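Undergrad: Got a structure for you, written out below as structure tokens; questions coming shortly.
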Amino acid sequence: MSERARESAYITTPIYYVNDRPHIGHAYTTTLCDVWARAMRLRGHDVFFLTGTDEHGVKVERSAAARGIPPQDLADENAAEFQRVLSVFGLTNSDFIRTTQPRHVRQVQALIGRLLDSGSVYRGTFEGWYDESQEEYLTEAAAKEQGHRSIISGKPLVRASEENYYFRLSAFAPRLEALFRDNPGFVQPQGRFNEVLGRLRDGLQDVPITRTKFSWGIPFPGDPAHVIYVWIDALLNYVTALGLGALESGCDASRIAPGAHPDDAALARARAHLWPASYHVIGKEILWFHAVVWPAVLMALELPMPRRIHAHSFWIADGQKMSKSLGNFVDLPAIDGFIAHYGLDAWRWYMATQGPLQAADADFRAAHLHEIYTGELVNVVGNCPSRITAMIGKYFGGAMPADASGGGEWPNRCARAVQEWTIAIDSFDLAGAAEAPMRLLRDIDAFINRTEPFKVAKDPARQAELASILAQCAQSVRVAGVLLEPFLPARMADLAVALGGAGGGGSAQVAGGAGARTDLATLTRYGAIAEGTALAKCALFPRVEPAATAQP
Ligand code: ME8
7 MSERARESAY
17 ITTPIYYVND
27 RPHIGHAYTT
37 TLCDVWARAM
47 RLRGHDVFFL
57 TGTDEHGVKV
67 ERSAAARGIP
77 PQDLADENAA
87 EFQRVLSVFG
97 LTNSDFIRTT
107 QPRHVRQVQA
117 LIGRLLDSGS
127 VYRGTFEGWY
137 DESQEEYLTE
147 AAAKEQGHRS
157 IISGKPLVRA
167 SEENYYFRLS
177 AFAPRLEALF
187 RDNPGFVQPQ
197 GRFNEVLGRL
207 RDGLQDVPIT
217 RTKFSWGIPF
227 PGDPAHVIYV
237 WIDALLNYVT
247 ALGLGALESG
257 CDASRIAPGA
267 HPDDAALARA
277 RAHLWPASYH
287 VIGKEILWFH
297 AVVWPAVLMA
307 LELPMPRRIH
317 AHSFWIADGQ
327 KMSKSLGNFV
337 DLPAIDGFIA
347 HYGLDAWRWY
357 MATQGPLQAA
367 DADFRAAHLH
377 EIYTGELVNV
387 VGNCPSRITA
397 MIGKYFGGAM
407 PADASGGGEW
417 PNRCARAVQE
427 WTIAIDSFDL
437 AGAAEAPMRL
447 LRDIDAFINR
457 TEPFKVAKDP
467 ARQAELASIL
477 AQCAQSVRVA
487 GVLLEPFLPA
497 RMADLAVALG
507 GAGGGGSAQV
517 AGGAGARTDL
527 ATLTRYGAIA
537 EGTALAKCAL
547 FPRVEPAATA
557 QP
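Numbers 7 to 558, taken from our numbering, label the letters of the sequence shown in order.
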């Protein structure tokens, strides 16, 4: 593996349907990816973080028709809304792909052409059980198990038949089984991995990848009566954003296909090295497409497999699924209200540490958000540095005191927190990664309570001891602050400034951008605050009343 490839990290969100406005689910997945992207930037990786919108298909066509506007207008309107959210939320995506962009359309047609040439796509007739709301054919067994109703919309499945182009999914069954056998971490969490493996063993049917019942899609190359199925179009975004559709094969950027558009070729030259993705982060409802259909398509295109797929669970409300029909989605105005009240960092913290990251759904409750804000951010992340900087202000005129002891147990404790954080980030355990610096802060608080610097201060003979205690606390708090930065970028930049630093470790740095590459070992080096540095008092998270809200 080249040096360049080793250092890059590529993370993706699903691309979101534009027939819906952004809500907590979209904000959630995108925030998770943002936290991870920031953490990997702190570790010095060249991070590429992709999100975007899924703009074709019958659902978008129908929503636009219901409003009496062309589908492209609806797509433009909602894609702009998704992009506005990214910037308001300070999310650091590297690109935003829209499936109606010419770069994507051209490359999807080229990639489908490659699948036709390789014999992985063929023309045939198919009859089966069709879920209209999901635009998905089900196997006989799955249709029966679901009582011939859609599990998503509850509507009856219909018997449908189509003359179509098919992707030869069945031919990839042995290779898919081998992929799962050889990569037990391919799908996370473990329960989801087992779920896919179980279904895989039930057998695979070929997948129709074109539609003729409507026209809002990418025309099939050479047969424009067919449009490409929205799911195939959408999955390919992960590689068209890197220009891979401009290549003859694989992801070797030196082999630009004759006839490739110059813009796509330029994309490939700049980004082809980023494949394979480090993580595709998705919700559990779209796992089959990502864990089975997508790897098979990649095999057919002779592209390497993504390293991991993380399928999180759902935010629910009052134990019930959030759905458009129930009108109980935490929507953007509600989220804006919480952010106005608690701050953006607090919202990120709640998403990343209390959300449905693993196998269980998570209930969204405003009262719980308030509890977490007060219990973790005010009482721990805010209070610990506030106590320390206030005492250094009071006893040392705000100048970082000297520590003649060499740091005692603290250099080791800090190193352990960094190590735990790193391991957790590698397995996308963001809650675990947040816990490592939180434990450090709680340990510092306990140390203050045990050593009682406010009492030591009263004894002029114990000044050196007082200096050591407070210096150890300040140095350790700084390290915790670095590890918390991907979660709480604005407040941790304030903390870094209060501790005499330049403000923030650079987790927002855009891939390929100018500026020094960060290095976690340097950033988290114990003892980086020099003796005599001017420290300022800091109040990071003010105590607030519970937010007035219509939410429970
Ligand atoms: O499925 N809790 O787009 P989509 C947590 N276009 N996350 C949720 C959620 C909830 N209640 N509801 C939605 C699509 N999400 C396709 C994807 S990818 C090639 C094509 C999040 O707009 C979660 O990430 O319906 C889920 O997978 C995604 O939004 C679905 O977004």
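Glycine is no exception: its CB is placed at the ideal position from the N, C-alpha and C atoms.
None of the values given here were measured: they were computed from a predicted structure.
Inspect the beta-carbon positions of residue 252 and residue 263 and report whether they are closer than 8 Å.
TA: In this structure, residue 263 lies closer than 8 Å to residue 252 by Cβ.
Undergrad: For residue 218, is the classification buried or exposed, using 16 other Cβ atoms within 10 angstroms of its Cβ as the cut-off for buried?
TA: Exposed.
Undergrad: What is the DSSP secondary structure of residue 469, counted as helix, strand or coil?
TA: Residue state, collapsed to three classes: helix.
Undergrad: For residue 24 versus residue 66, is the C-beta distance shorter than 8 Å?
TA: Yes. Within cutoff.
Undergrad: Three or more C-beta pairs closer than 8 Å, one from the region 300-311 and one from the region 34-43: is that the case here?
TA: Short answer: they don't touch.
Undergrad: Buried or exposed, going by whether 16 or more other CB atoms sit within 10 Å of the CB of residue 126?
TA: Burial call: buried.
Undergrad: Can you say whether residue 398 is buried or exposed, counting buried as having 16 or more other CB atoms within 10 angstroms of its CB?
TA: Flag for residue 398 reads buried.
Undergrad: Enumerate in chain order the residues of its own chain whose CB-to-CB distance from residue 455 is below 8 Å, with the five nearest sequence positions on each side excluded.
TA: There are no such residues.
Undergrad: Just curious, the alpha helix (DSSP H) that residue 374 is in, first and last residue?
TA: Per DSSP, residue 374 belongs to the alpha helix (DSSP H) from 372-378.
Undergrad: Tell me which same chain residues have a C-beta within less than 6 Å of the C-beta of residue 342, skipping the five on either side of it?
TA: If we look at residue 342 and ignore the five residues flanking it on each side, it has no Cβ neighbours.
Undergrad: Return the bridge partner residues of residue 170 from the DSSP annotation.
TA: According to DSSP, residue 170 bridges with 130.
Undergrad: Cα separation between residue 14 and residue 514?
TA: Whole-angstrom Cα-Cα distance: 15 Å.
Undergrad: How many angstroms separate the CA atom of residue 448 from the CA atom of residue 94?
TA: Rounded to whole angstroms, residue 448 to residue 94 spans 32 Å at the Cα level.
Undergrad: Quick one: is residue 200 buried, meaning 16 or more other Cβ sit within 10 Å of its Cβ, or exposed?
TA: Its Cβ having fewer than 16 others within 10 Å, residue 200 is exposed.
Undergrad: According to DSSP, what are the bridge partners of residue 289?
TA: 318.
Undergrad: By how many angstroms is the C-alpha of residue 347 removed from the C-alpha of residue 553?
TA: Taking the straight line from one Cα to the other gives about 6 Å.
Undergrad: Closer than 7 Å: is that where the CB of residue 463 sits relative to any heavy atom of the ligand ME8?
TA: Residue 463 Cβ: outside cutoff for every heavy atom of the ligand ME8.
Undergrad: Expressed to the nearest angstrom, what Euclidean distance is found between the alpha-carbon atoms of residue 211 and residue 205?
TA: Spanning the two alpha carbons is a distance of roughly 12 Å.
Undergrad: Is any heavy atom of the ligand ME8 found at a distance shorter than 7 Å from the C-beta of residue 315?
TA: No - the ligand ME8 has no heavy atom lying nearer than 7 Å to the Cβ of residue 315.
Undergrad: Which residue's Cα is closest to the Cα of residue 504: 406, 524, 22?
TA: Comparing Cα-Cα distances from residue 504 to each of 406, 524, 22, the minimum goes to 406.
Undergrad: By the three-class DSSP mapping on this structure, what secondary structure does residue 557 have?
TA: Per-residue confidence for residue 557 stands at a pLDDT of 48, beneath the threshold of 50, marking its modelled position as unreliable; no derived number is given.
Undergrad: Could you tell me the alpha carbon to alpha carbon distance between residue 586 and residue 101, rounded to whole angstroms?
TA: Any question about residue 586 goes unanswered here, given that the chain covers just 7 to 558.
Undergrad: Mind checking residue 196: buried by the 16 CB within 10 Å criterion, or exposed?
TA: Exposed, by the Cβ-count rule.
Undergrad: Along the alpha helix (DSSP H) that carries residue 31, what are the first and last residues, could you check?
TA: Taken as a continuous stretch (DSSP letters only), the alpha helix (DSSP H) holding residue 31 covers 30-48.
Undergrad: So is the beta-carbon of residue 492 under 7 Å away from any non-hydrogen atom of the ligand ME8?
TA: False, no ligand heavy atom lies under 7 Å from that Cβ.
Undergrad: Which two residues bound the contiguous alpha helix (DSSP H) that contains residue 244?
TA: Its alpha helix (DSSP H) spans residues 243-246.
Undergrad: Drop a sphere of 10 angstroms on the beta-carbon of residue 377, count the other beta-carbons inside from all chains shown, and report buried for 16 or more, exposed for fewer.
TA: Classification of residue 377: exposed, given that the 10 Å Cβ count is below 16.
Undergrad: Spatial neighbours of residue 526 within its chain, please: CB distance less than 6 Å, with the 5 preceding and 5 following residues excluded, ordered by chain position.
TA: Excluding residues within five positions, the ones whose Cβ falls inside 6 Å are 48, 49.
Undergrad: Does the ligand PLP have even one heavy atom less than 7 Å from the beta-carbon of residue 291?
TA: Because the ligand PLP does not appear in the structure shown, any question about it cannot be addressed here, the ligands present being the ligand ME8.
Undergrad: Helix, strand or coil: which one does DSSP assign to residue 282?
TA: Residue 282: coil per DSSP, three-state reduction.
Undergrad: Tell me the DSSP secondary structure of residue 225 in three-state form.
TA: Strand.
Undergrad: Please report the residue range of the beta strand (DSSP E) in which residue 142 lies.
TA: 142-144 is the span of the beta strand (DSSP E), which, as asked, contains residue 142.
Undergrad: State the start and end residues of the unbroken alpha helix (DSSP H) segment that holds residue 118.
TA: Counting along the chain, the alpha helix (DSSP H) containing residue 118 begins and ends at 108-123.
Undergrad: Using only alpha-carbon positions, find the residue among 147, 228, 541 that is nearest to residue 508.
TA: When each option's Cα is compared against that of residue 508, the closest is 541.
Undergrad: Measuring CB atoms only, is the region 412-426 touching the region 480-497, in the sense that at least three cross pairs come out at less than 8 Å?
TA: Verdict: yes, contact present.
Undergrad: My output table needs one value for residue 480: the three-state DSSP class, helix, strand or coil.
TA: Note: residue 480 maps to helix in three-state DSSP.
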